[in-house]
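K.L.:
Under my numbering, the first residue of the sequence shown is numbered 60, with each subsequent residue one higher. For reference, the structure I am asking about is given below.
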Amino acid sequence: MKFYSLALLFVHFLLSPIEAQVPSPKPLVKKFCDKLEEKFKGLGWSKSNCDQVAWEQVRTSVKGDPLIWTTYGAKEGTPDVDVTLILCGVHGDEITPVKFCFDIMEHLKQNPTEFAQKLIVVVPIVNPDSFFIKRPTRVNARGVDINRNFPTSDWNKNALTFWKNRYKSDKRRYPGKKAMSEPEVVFQVNLIKRYKPKKILTVHAPLTLIDYDGPTSTGNKGQELLIQMSQKVKGYKVQSYPFFPGSLGNYAGNENNIPTYTIELPSSDPAKSGEYWDMFKEAINSAILHDITQSPEP
Ligand SMILES: [Zn+2]
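In structure tokens form, the structure reads like this:
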């Protein structure tokens, strides 16, 4: 009896440290996935399967939700790998882009061989605070438009004046007190610095157009891809929308020469998300596979 108890104690001692080492999903991410599944259900969408994704996470939103991303295809650090960064849920009141990113993720998961040579970084919800509230908003929890808070060189001089004059201090477009003041912006800037994407796709709604910011030299592959994407969506409207102090297009496309495509879906109606994915599937596929590396000037 005594031996039995001792043996049990020994077995227990042996197992405990092992048990403790079993990797479990970060509690914060698990809680987030549960919340997301509820939200998807409420919007009439199929399951996100958020809890089955290998998420990466470092920082949190203003209200403390995890800012998550995941990768597909080639390993990080593969020499000369073509990296595509895909951002969704930048403006919380634009609902359809969030499902759009989860559809992209499912597509990447289902076709591993096709994308094996590419590295794809997907951020499905850049701005969770404004997506999860009852009445989703464009701005983040501190009232900042995170597409006006990037550290562009014209920010200090122009961001606030432009907002006051051009937008008559519209609260939906407030750029913040200073550039990079918002965690959701620091998050995106860090991802750009870490993964050095060759192109960025950022998904919004409802302007029904694709806007391009980036190199514009003749025979430029960035613009070539823009035309190709439009053609794959039956001639979807292409428009050169002006860029703003603190916008991603200005920061990544204009100042850092990374071809940046803003895809504006036709609406934020959650019931239309499946339709939009069907419309864009081929365009997204070709955008990821399209090698955009600029050949050096002769
Ligand atoms: Zn938007």
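Heads up, the beta-carbon is just placed ideally off N, CA and C, and yes, glycines get one too. No experiment lies behind these values; they were computed from the predicted model shown.
Using a Cβ-based criterion (distance less than 7 Å to any ligand heavy atom), does Glu-241 qualify as near ligand 1?
P.N.:
Answer for Glu-241: no, Cβ out of range of ligand 1.
K.L.:
Near ligand 1, which residues have their beta-carbon closer than 6 Å to a heavy atom?
P.N.:
Those residues are Val-149, His-150, Glu-153 and His-263, given in chain order.
K.L.:
State buried or exposed for Val-330, treating a residue as buried only when at least 16 other CB atoms are found within 10 Å of its CB.
P.N.:
Per the sequence presented here, residue 330 reads as Ala, with Val not at that position. Per the 10 Å Cβ criterion, exposed.
K.L.:
Which whole-angstrom value is the C-beta distance of Phe-302 and Gly-308, which I expect to be below 8 Å?
P.N.:
Sure, about 4 Å apart at Cβ, within 8 Å.
K.L.:
Decide if Gly-278 is buried, meaning its Cβ has at least 16 other Cβ atoms within 10 Å, or exposed.
P.N.:
By the neighbour-count rule (16 or more Cβ atoms within 10 Å), Gly-278 is not buried but exposed.
K.L.:
Please return the same chain residues whose Cβ sits closer than 6 Å to the Cβ of Thr-220, not counting the five positions on each side in sequence.
P.N.:
Closer than 6 Å at Cβ, skipping near neighbours: no residue.
K.L.:
Please work out which residues of its chain come closer than 8 Å, Cβ to Cβ, to His-166, disregarding the five sequence neighbours upstream and downstream, and give them in chain order.
P.N.:
Closer than 8 Å at Cβ, skipping near neighbours: Lys-340, Ile-343 and Asn-344.
K.L.:
Hey, would you say Val-157 sits closer than 8 Å to Ile-179, going by beta carbons?
P.N.:
No, the pair does not count as a contact, with Cβ atoms beyond the cut-off.
K.L.:
So, do the segment 317-329 and the segment 250-262 have three or more beta carbon pairs nearer to each other than 8 Å?
P.N.:
Yes, since at least three Cβ pairs between the segment 317-329 and the segment 250-262 fall closer than 8 Å, the two stretches touch.
K.L.:
Decide yes or no for the touch test of the segment 259-271 against the segment 283-299: beta carbon pairs closer than 8 Å, at least 3 of them.
P.N.:
Contact between the segment 259-271 and the segment 283-299 is present, because at least three Cβ pairs lie under 8 Å.
K.L.:
Can you tell me whether Val-244 is buried or exposed, with buried defined as 16 or more other CB within 10 angstroms of its CB?
P.N.:
Val-244 should be labelled buried.
K.L.:
Quick one: complete alpha helix (DSSP H) runs, 4+ long, within the segment 202-242?
P.N.:
With a minimum length of 4 residues, the continuous alpha helix (DSSP H) runs that stay inside the segment 202-242 are 214-225.
K.L.:
Look at the alpha carbon of Val-88 and the alpha carbon of Lys-122, and state the distance between them as a whole number of angstroms.
P.N.:
In a straight line, the C-alpha of Val-88 is about 14 Å away from that of Lys-122.
K.L.:
Distance, Cα to Cα, Tyr-226 vs Arg-232?
P.N.:
About 7 Å.
K.L.:
What span of residues does the alpha helix (DSSP H) with Asp-337 cover, start to end?
P.N.:
Element bounds for Asp-337: 332-348.
K.L.:
Answer yes or no: do Met-239 and Asn-208 have a C-beta to C-beta separation smaller than 8 Å?
P.N.:
Yes, they are a contact pair.
K.L.:
Consult DSSP for Pro-125 and reduce its assignment to one of helix, strand or coil.
P.N.:
Strand, per DSSP.
K.L.:
Does DSSP put Asp-188 in a helix, in a strand, or in coil?
P.N.:
Reduced to three states, the DSSP call for Asp-188 is helix.
K.L.:
Where do the N-terminal and C-terminal ends of the beta strand (DSSP E) with Leu-268 fall, by residue?
P.N.:
Per DSSP, Leu-268 belongs to the beta strand (DSSP E) from 268-272.
K.L.:
Identify, in the order they occur along the chain, each residue of the same chain with its Cβ nearer than 7 Å to the Cβ of Met-338, setting aside the five sequence neighbours on each side.
P.N.:
Here the set comprises Val-292.
K.L.:
With distances taken from CA atoms, which of Thr-137, Gly-273 and Thr-196 is nearest Lys-230?
P.N.:
For the residues Thr-137, Gly-273 and Thr-196, the minimum Cα distance to Lys-230 belongs to Thr-196.
K.L.:
Between the Cα of Glu-115 and those of Glu-97, Lys-98 and Pro-86, spot the shortest distance and give me the residue it belongs to.
P.N.:
Measuring from the Cα of Glu-115, the nearest candidate turns out to be Pro-86.
K.L.:
Quick one: complete beta strand (DSSP E) runs, 3+ long, within the segment 117-172?
P.N.:
Counting only runs of 3 or more, we get 125-132 and 141-146.
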